[in-house]
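Peer 1: Protein chains in written order, with full-length UniProt numbering: chain Y, 1 to 217; chain U, 1 to 217; chain H, 1 to 217; chain G, 1 to 217; chain X, 1 to 217; chain D, 1 to 217; chain Z, 1 to 217; chain P, 1 to 217. Heads up, the beta-carbon is just placed ideally off N, CA and C, and yes, glycines get one too. This is the structure I have questions about; it appears just below.
8 protein chains.
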Amino acid sequence: MLLEQRQKLLFIGDSVTDCDRAKPHGEGLFHALGNGYVSVVDAFLKANYPELGIRVVNKGISGNTVRDLKARWQEDVITQNPDWLSIMIGINDVWRQFDSPFIKDHHVYIEEYQETLTALVKESKLQTENILLMTPYYIEINENDLMRAKMDQYGKVVKQIAEEEGCLFIDTQAAFNKILKNLYAATIAWDRVHPNEIGHTILAKAFLNKIGFDWTK
Amino acid sequence: MLLEQRQKLLFIGDSVTDCDRAKPHGEGLFHALGNGYVSVVDAFLKANYPELGIRVVNKGISGNTVRDLKARWQEDVITQNPDWLSIMIGINDVWRQFDSPFIKDHHVYIEEYQETLTALVKESKLQTENILLMTPYYIEINENDLMRAKMDQYGKVVKQIAEEEGCLFIDTQAAFNKILKNLYAATIAWDRVHPNEIGHTILAKAFLNKIGFDWTK
Amino acid sequence: MLLEQRQKLLFIGDSVTDCDRAKPHGEGLFHALGNGYVSVVDAFLKANYPELGIRVVNKGISGNTVRDLKARWQEDVITQNPDWLSIMIGINDVWRQFDSPFIKDHHVYIEEYQETLTALVKESKLQTENILLMTPYYIEINENDLMRAKMDQYGKVVKQIAEEEGCLFIDTQAAFNKILKNLYAATIAWDRVHPNEIGHTILAKAFLNKIGFDWTK
Amino acid sequence: MLLEQRQKLLFIGDSVTDCDRAKPHGEGLFHALGNGYVSVVDAFLKANYPELGIRVVNKGISGNTVRDLKARWQEDVITQNPDWLSIMIGINDVWRQFDSPFIKDHHVYIEEYQETLTALVKESKLQTENILLMTPYYIEINENDLMRAKMDQYGKVVKQIAEEEGCLFIDTQAAFNKILKNLYAATIAWDRVHPNEIGHTILAKAFLNKIGFDWTK
Amino acid sequence: MLLEQRQKLLFIGDSVTDCDRAKPHGEGLFHALGNGYVSVVDAFLKANYPELGIRVVNKGISGNTVRDLKARWQEDVITQNPDWLSIMIGINDVWRQFDSPFIKDHHVYIEEYQETLTALVKESKLQTENILLMTPYYIEINENDLMRAKMDQYGKVVKQIAEEEGCLFIDTQAAFNKILKNLYAATIAWDRVHPNEIGHTILAKAFLNKIGFDWTK
Amino acid sequence: MLLEQRQKLLFIGDSVTDCDRAKPHGEGLFHALGNGYVSVVDAFLKANYPELGIRVVNKGISGNTVRDLKARWQEDVITQNPDWLSIMIGINDVWRQFDSPFIKDHHVYIEEYQETLTALVKESKLQTENILLMTPYYIEINENDLMRAKMDQYGKVVKQIAEEEGCLFIDTQAAFNKILKNLYAATIAWDRVHPNEIGHTILAKAFLNKIGFDWTK
Amino acid sequence: MLLEQRQKLLFIGDSVTDCDRAKPHGEGLFHALGNGYVSVVDAFLKANYPELGIRVVNKGISGNTVRDLKARWQEDVITQNPDWLSIMIGINDVWRQFDSPFIKDHHVYIEEYQETLTALVKESKLQTENILLMTPYYIEINENDLMRAKMDQYGKVVKQIAEEEGCLFIDTQAAFNKILKNLYAATIAWDRVHPNEIGHTILAKAFLNKIGFDWTK
Amino acid sequence: MLLEQRQKLLFIGDSVTDCDRAKPHGEGLFHALGNGYVSVVDAFLKANYPELGIRVVNKGISGNTVRDLKARWQEDVITQNPDWLSIMIGINDVWRQFDSPFIKDHHVYIEEYQETLTALVKESKLQTENILLMTPYYIEINENDLMRAKMDQYGKVVKQIAEEEGCLFIDTQAAFNKILKNLYAATIAWDRVHPNEIGHTILAKAFLNKIGFDWTK
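The structure is reproduced here in structure tokens:
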């Protein structure tokens, strides 16, 4: 496993990360990590590696785009000084283009997305080399679906940044694609975005596999 | 316009019809018709034909399948003795097959759907010849999407029953397909089923056009 | 239709415009436009002209008089820079004179009304020539009713300003008068001011007809 | 004063009488008499004639018509065996004809009204001669207003029954007409039916004056 | 009647005056005057003298002592510039000495009470000569009761100030004493302080009688 | 101490006993004994005599009179088969005569009180000789107060029954009288009936002293 | 993996199983399986074996003992006819002996526990051979702790029944013991019974491992 | 008894002291002292020594450590200027080390604890010599339990400070240890920290005994 004793792992992102986590701290007693993939990751880290004492912090905020992350990066990431940083952002950047097509100010187009996300990663690399980039996703099997196609483009940007900046790359879209061969999207998420427990487990599995988690421990 | 003075028009269906209508009566003061297409239809009937005094009743119930309609047909339709009867059912019959694939008891397959809906229409024809059948729909442009394809099959059943039983036929799927050429599905409904005001207006327009409504009156 | 592609249409007014719209933005997801005539207008614009992509913003606030509009004109109108601006104000200016006759500070008399509304229109004309003035109204058929008579005077002021400043003029009182020949006021509004869905449809129709809306599209 | 020591005075009616009184008993601690004219009457009876110990019971129920009174007359009036009985009913009998004109089943026309009210009075006369009939009213000064005119007809029926059956007659419409010379209807009730404290005081005064209440005591 | 056309009458006091009045204005629509004696006074002023158009404002705040009144006198009285000012204060000044005997800071002893109330009256006399002083009270018939006896002392201070400063004096204790001959205290107020509708009517009657109200008008 | 190992002690009474205890069982986890004197008694029994394992059950119900106890005696006392039974009833029997003087049906006069309480005690004596009778009380120092005097009469009835039936007698009025020499009634209960923690402690002390509780244990 | 295509897996137990699952069905949309180990098991079954389509039902009810299970076995287990049945019961049977030591009726002692659980297993074996017995547990590392020691005895009963009846046996206490070497009990559950996400993950892991779940699939 | 007439006794601490006390004052009407040991102490002081008039103030805040006390010492203790000061702090200082072992910032280790508590005591000694130090506790009988052992160390620090600074010392752990010989911990507190009424009574008894309280008074 890549994580070492007493390290701090910070997740940041949108509603998929947030999942009703405790505000503002995002850690502590009473379900402070929310009820999504962050909580699943934390529970398995503690259950399988209790001796490591990994500290997990959730800084997701519902509705956030990368533009919103930029505005709070200093407070919510830099001052936290994490050993590991996981970023999953972009769903709202794309979604608003499709559910609010006429409110242009709410859209974050791909150039701004790429530029902003790159800058945030670069800034955090001054603190840690251990950055994980999770792609945004759309739980839709049809690659020609307009929003899925757009989301794939943003996903490619994430992959490119991961390669350029030496981050660990987690292809959440690929993880969902695999399950979509057997389950229709609505089994996981009515709106193709906010997953139920099955979907959050898929995200957690993708994350844990990437950091070399030993499931049989 | 097909409706005549003092006639009663009754809508029955699922959550798309229900829209938080008053229970159990489905008519009266204080938004008793709910906030969906039934309310839009009523408001335009009153606004354009106040002299006709059409009485509108909403008997939609969220989550209903045609199996549920059968169980309450006597109480909610027959004893109401409507002059006009509009039925839109089938979305949940199909949806449960896709969002709860392993709970077979919640599925209403196409044979039961056809048989039940036909029986209900036949029973109501003893009261009135003025029956409108609205297809179920799925706000998804891709005809090869599994749930859309299944919904189309149920829609064809509705069309067939309408032809056999001499009902007015309203193709709601076609109405949504037209708008989907310009607007992505998420602009109308995150879950492709429960529409916002735009979607309910599309349903109301399809209904009103079918009954010969004069918009310029 | 007068509105062109990608234009922004802003409504401002009192509770009839507000209708529980999202504060402070007045646009976006989840019924942000409220449940009144603004929402009906928006839904029909999207349903009949999806290719135009009109952006609708609702800045109504319950209880407002023209004096209140003045106080927030800079923030809620000017900085929004709309292509089309629709103003319906005056009901509370008059109503307080009749329901709170002894609290003079809550009354906005006709001189202040005319002066203030004129100034606001003039200020907005620096931004756009496309201004629609909707009269205040009182859903009361008796022209000799004291409050109806007073409201008519305020309506005449609106008409005069529209003519002087070259605005489109919408006579909402006339629209209600027409329906009142067939329906008693209480069918539309118990208090003769806050309409139900029928009344909001009448307002929306008056607005859409004025901008050359094609209902049969 | 007509009422004598230890007598029970029972009020029955619709929402104007109800005013959130305690259900089902309509008497007792904690504002059990509601916050309308019944409470004002009781408070003045206790304040001016504490030595009499009049027992006041409120059996009003919102939305009731005379048809509803009939259904509960046995339980809510006869078994209570009051010494004095005050009835104010008819507003909803009329109002539904004007706010829900197309739902005929909710209307109570004048023949049924007269017949039913007469029967109830006759039945109660077997218990007590002390019956007060209060007219329904509509707080609208224009006698030619359709609903006011209709309400006046129902009021005449009440007057006729009072004369035929030897009841005390209270003309609430006349009481409101007097105040409407100085105050516009909206100062008392936005919907011309549910009065504020001013209107309930007018009703209480009319009642108390009829029973020979000494205000200066 | 002492009050003249269009005059403003302001009440200030503690919870007995407050009675859930609208904050902060204390006047306007929707039961803004609360549900205590102020509302009764207002309703009778409007019902009997609608032509006068008296404006009533309620500035009571629960729990207040004269020390609290002093802190808000400028904002809640002076800037309101009333034509008539009614003050009822002192119950909490005394009550805290009896229900919280060991928290001395919450007590307002008689010297501070007299000094403060005198100063407030003097300050307001610069605006208006029409000041009514209502005594605090305790709904307890036993004059030797410790709290009743103390309250009587505060009442005497009020009387003295009224005489010295030429204010109208209303002896609320005397008004309650009279009714207590027939009704036990608990019939009016379980805690001997917060009256039900009977008690508020007694207060309103005492006030209205003092200003020459004509009940038979 | 009179109570022996594993005995069950059941309290029955009105709101003073109830104090929001768990319904219907009146024992168990999560403050099931309510927050009044029963809970204080239980806590001290457990704290000082943990080895005895006394089981305490609370069957108080707010508003009850002895007439109400009679109606539920079989279910709430007899079937519980307690080793010790404590009864405190009568406050509402008296109070209703003073706060609702004109609603005679709510009064339980002293003959009915004595007869009913005697019958209940006799019935329970078939099960256990360990019955404690607590007097009703009124936290008012003035013996000539009408309600206090009446309560004293009921208290004497309790004493008489205790003597006749061989029950332990607890004079709660005497316990309050003692503290009233130093504290005014309002320090313990605004309404002279529902005590705060001080008053419940006084009741618990009186009870515990009667059963020979060793405070210094 | 032991489970085969389309099989139904039913969990029954107490609050640890319940976890706010949907009542009464225990399956379906919207987190119907609750937020405990049942949900984790279901999510991993769906995520790793979507092609199997396992149907999971949760019939846990908070506070249940084996006595409660017996009362609802017919309705909640037998009529459900599951292919796999998992039972975890006994915590409350023991806990009540320690948190409510004096309320003997709430205790289920080991003889009744063994007899009842055996009978339930025998009854269900007529339907299916696939029964899993999970031990009750107490998250306390000290084996000499009185409640832990008692819980271990109940666990041994479960083991014995599993062996006698040929059930799969899951030692949840052993699973917790392992983690307790690294984490203090309070990290998993303040009350040593209701676990947080870490504890539920430990339970789910123990279950999944027993049925041959392939974590790396 | 050590406390003298009119003295102020202030309690400060964490959730065990807080118990939903009124914020911010911590004294006054309506259960302002919360429902824990502070309230029990106050009630017995008032019940047994009403003539002394001891003023009790509760400044406990849930979740506090000694670090939090330091931050509010000036406002919540010094400016209150109490005659007697009781401090019970340390449970959270220890607990966080056991329930949140990986969030080091939430831990207050023993050096910081000792240093901070000593400083606070020294500062308060400038005001009063009457300081009571209550140990933190853990309701766990096993002295080798890791958290109990740690809590004992903190308790020893409290004892040492009490001796060095001349404070009264209350060994709450010893008080609980005594009862734990007869009652299992869960009978007093499921989480071994937040006691029910039995536990709060034990704390109150320990406190009252230390100040020479006469229970038989």
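Determine, using beta carbons only, whether G/Gly34 comes closer than 8 Å to chain D.
Peer 2: As a position in the fourth sequence, residue 34 of chain G is number 34, starting the count at 1. No, its Cβ sits nowhere closer than 8 Å to a Cβ of chain D.
Peer 1: Give the secondary structure of U/Lys59 by DSSP, where H, G and I count as helix, E and B as strand, and everything else as coil.
Peer 2: Residue numbering aside, residue 59 of chain U sits at position 59 when the second sequence is read from its first letter. Coil, per DSSP.
Peer 1: List, in order along the chain, the chain P residues whose C-beta lies closer than 7 Å to that of X/Phe98?
Peer 2: By one-based count along the fifth sequence, residue 98 of chain X stands at place 98. Listed along chain P, no residue sits closer than 7 Å to X/Phe98 by beta-carbon distance, the nearest being about 12 Å off.
Peer 1: Taking a cut of 8 Å between CB atoms, which residues from the region 35–55 of chain Z lie near chain U?
Peer 2: Gly53, Ile54, Arg55
Peer 1: Less than 8 Å between C-beta atoms, sequence neighbours within five positions excluded: which residues of the same chain meet that for X/Lys70?
Peer 2: Walking along the fifth sequence from the start, residue 70 of chain X turns up at place 70. The residues are Thr116, Ala119, Leu120.
Peer 1: Taking only the alpha-carbon atoms, compute the straight-line gap between P/Leu3 and P/Tyr37 and give it to the nearest angstrom.
Peer 2: Taking the eighth sequence and counting its residues from 1, one reaches residue 3 of chain P at position 3. Taking the eighth sequence and counting its residues from 1, one reaches residue 37 of chain P at position 37. If you take the alpha carbons of P/Leu3 and P/Tyr37, they lie about 18 Å apart.
Peer 1: Classify U/Gly60 as buried or exposed, calling it buried when 16 or more other Cβ atoms lie within 10 Å of its own Cβ.
Peer 2: Taking the first residue of the second sequence as position 1, residue 60 of chain U is located at position 60. Buried is the call here.
Peer 1: Return the residues of the region 194–212 of chain Y that lie within a Cβ-Cβ distance of less than 8 Å from chain Z, sorted by chain order.
Peer 2: Asn196, Glu197, Ile198, His200, Thr201, Ile202, Lys205
Peer 1: Tell me the DSSP secondary structure of H/Gly13 in three-state form.
Peer 2: As a position in the third sequence, residue 13 of chain H is number 13, starting the count at 1. In this structure, H/Gly13 counts as strand in the three-state DSSP scheme.
Peer 1: Should the region 38–57 of chain X be regarded as contacting the region 90–104 of chain H, the criterion being three or more beta carbon pairs within less than 8 Å?
Peer 2: yes
Peer 1: To which residues of the same chain is Z/Met147 closer than 6 Å at the C-beta, ignoring the five residues directly before and after it?
Peer 2: As a working mapping, residue 147 of chain Z is identified with position 147 in the seventh sequence. Excluding sequence neighbours, Z/Met147 sits near Phe98, Tyr138.
Peer 1: Select from the region 132–147 of chain Z all residues with a C-beta closer than 8 Å to any C-beta belonging to chain P, and list them in chain order.
Peer 2: Result list: Asn142, Asn144, Asp145, Leu146, Met147.
Peer 1: Just the C-alpha distance for X/Glu164 and X/Ile131, rounded to the nearest angstrom, thanks.
Peer 2: Counting from 1 along the fifth sequence, the entry for residue 164 of chain X is found at position 164. Counting from 1 along the fifth sequence, the entry for residue 131 of chain X is found at position 131. Between X/Glu164 and X/Ile131, the C-alpha separation is close to 12 Å.
Peer 1: Residues in its own chain within less than 8 Å of Z/Gly28 by CB, not counting five upstream and five downstream?
Peer 2: To locate residue 28 of chain Z, count along the seventh sequence from 1; it is residue 28. Ala22.
Peer 1: Who are the near neighbours of P/Ile198 in its chain, counting only those whose CB is closer than 6 Å to its CB and skipping five residues on each side?
Peer 2: Looking up residue 198 of chain P in the eighth sequence gives position 198. Correct list, in chain order: Ile188.
Peer 1: Take G/Thr216 as the anchor and find which of G/Ala32, G/His25, G/Phe44, G/Phe30 has the nearest alpha-carbon.
Peer 2: As a first step, residue 216 of chain G must be located in the fourth sequence, where it is residue number 216. For the residues G/Ala32, G/His25, G/Phe44, G/Phe30, the minimum Cα distance to G/Thr216 belongs to G/Phe44.
Peer 1: Against chain U, which members of the region 167–180 of chain H pass a CB distance test of less than 7 Å?
Peer 2: Ile179
Peer 1: Please list, in chain order, the chain G residues whose beta carbon lies closer than 7 Å to that of X/Thr216.
Peer 2: Walking along the fifth sequence from the start, residue 216 of chain X turns up at place 216. In chain order: Trp215.
Peer 1: Are the Cβ atoms of X/Gly63 and X/Asp93 separated by less than 8 Å?
Peer 2: What you label residue 63 of chain X is simply residue 63 of the fifth sequence in a count that begins at 1. What you label residue 93 of chain X is simply residue 93 of the fifth sequence in a count that begins at 1. No, Cβ-Cβ distance for X/Gly63 and X/Asp93 is not below 8 Å.
Peer 1: With a cut-off of 8 Å on the beta carbons, I'd call H/Thr65 and H/Ile89 a contact; round off their distance for me.
Peer 2: On the third sequence, residue 65 of chain H is found 65 positions in, with the first residue counted as 1. On the third sequence, residue 89 of chain H is found 89 positions in, with the first residue counted as 1. H/Thr65 to H/Ile89, Cβ: 7 Å. Contact.
Peer 1: Considering only C-alpha positions, which residue in the set Z/Lys205, Z/Lys150, Z/Ile12 is nearest to Z/Ile78?
Peer 2: In the seventh sequence, counting from the first residue as 1, residue 78 of chain Z sits at position 78. For the residues Z/Lys205, Z/Lys150, Z/Ile12, the minimum Cα distance to Z/Ile78 belongs to Z/Ile12.
Peer 1: I'd like the list of long-range same chain contacts for D/Ile202, defined as Cβ closer than 7 Å, with 5 residues on each side in sequence excluded.
Peer 2: Along the sixth sequence, one-based indexing puts residue 202 of chain D at 202. Hits under 7 Å: Ala175, Phe176, Ile179.
Peer 1: Is X/Gln173 closer than 8 Å to X/Asp152 when the C-beta atoms are compared?
Peer 2: Sequence index remark: in the fifth sequence, residue 152 of chain X carries index 152 (1-based). Sequence index remark: in the fifth sequence, residue 173 of chain X carries index 173 (1-based). X/Asp152 is a Cβ neighbour of X/Gln173, given a cutoff of 8 Å.
Peer 1: Can the beta-carbon of G/Leu9 be found closer than 8 Å to that of G/Pro82?
Peer 2: For the purposes of this step, residue 9 of chain G is taken as the residue at position 9 of the fourth sequence. For the purposes of this step, residue 82 of chain G is taken as the residue at position 82 of the fourth sequence. Contact: yes.
Peer 1: When you check each C-beta in the region 59–80 of chain Z against every C-beta of chain P, which residues fall closer than 8 Å?
Peer 2: none
Peer 1: According to the neighbour-count rule (16 or more other Cβ atoms, all chains shown, within 10 Å of its Cβ), is Y/Pro195 buried or exposed?
Peer 2: For the purposes of this step, residue 195 of chain Y is identified with residue 195 of the first sequence, where counting begins at 1. Buried.
Peer 1: Is there at least one Cβ from chain U nearer than 8 Å to Y/Tyr154's Cβ?
Peer 2: One-based indexing of the first sequence puts residue 154 of chain Y at position 154. No, Y/Tyr154 lies away from the interface with chain U (no Cβ there is under 8 Å from its Cβ).
Peer 1: Would you mind reading off the limits of the alpha helix (DSSP H) that contains Y/Met151?
Peer 2: The residue labelled residue 151 of chain Y in the question sits at position 151 within the first sequence. From DSSP, the alpha helix (DSSP H) with Y/Met151 extends over 146–165.
Peer 1: Look up U/Phe207 in the DSSP assignment and say whether it is helix, strand or coil.
Peer 2: Residue numbering aside, residue 207 of chain U sits at position 207 when the second sequence is read from its first letter. Note: U/Phe207 maps to helix in three-state DSSP.
Peer 1: Under 8 Å between C-beta atoms, does G/Ile103 make it to chain U?
Peer 2: Working through the fourth sequence from its first residue, we reach residue 103 of chain G at position 103. Closer than 8 Å: yes.
Peer 1: Kindly identify the DSSP beta-bridge partner or partners of residue 221 of chain X.
Peer 2: Residue 221 of chain X is absent from the structure shown; chain X starts at 1 and stops at 217.
Peer 1: If you draw a straight line from the C-alpha of Y/His25 to the C-alpha of Z/Lys205, how long is it?
Peer 2: Along the first sequence, one-based indexing puts residue 25 of chain Y at 25. Along the seventh sequence, one-based indexing puts residue 205 of chain Z at 205. Spanning the two alpha carbons is a distance of roughly 29 Å.
Peer 1: Looking only at C-alpha atoms, which of H/Glu51, H/Thr17, H/Trp84 sits nearest to H/Ile211?
Peer 2: In the third sequence, counting from the first residue as 1, residue 211 of chain H sits at position 211. When each option's Cα is compared against that of H/Ile211, the closest is H/Trp84.
Peer 1: Quick check on the burial criterion: 16 or more other C-beta atoms within 10 angstroms. Buried or exposed for D/Glu143?
Peer 2: For the purposes of this step, residue 143 of chain D is taken as the residue at position 143 of the sixth sequence. So D/Glu143 ends up on the exposed side.
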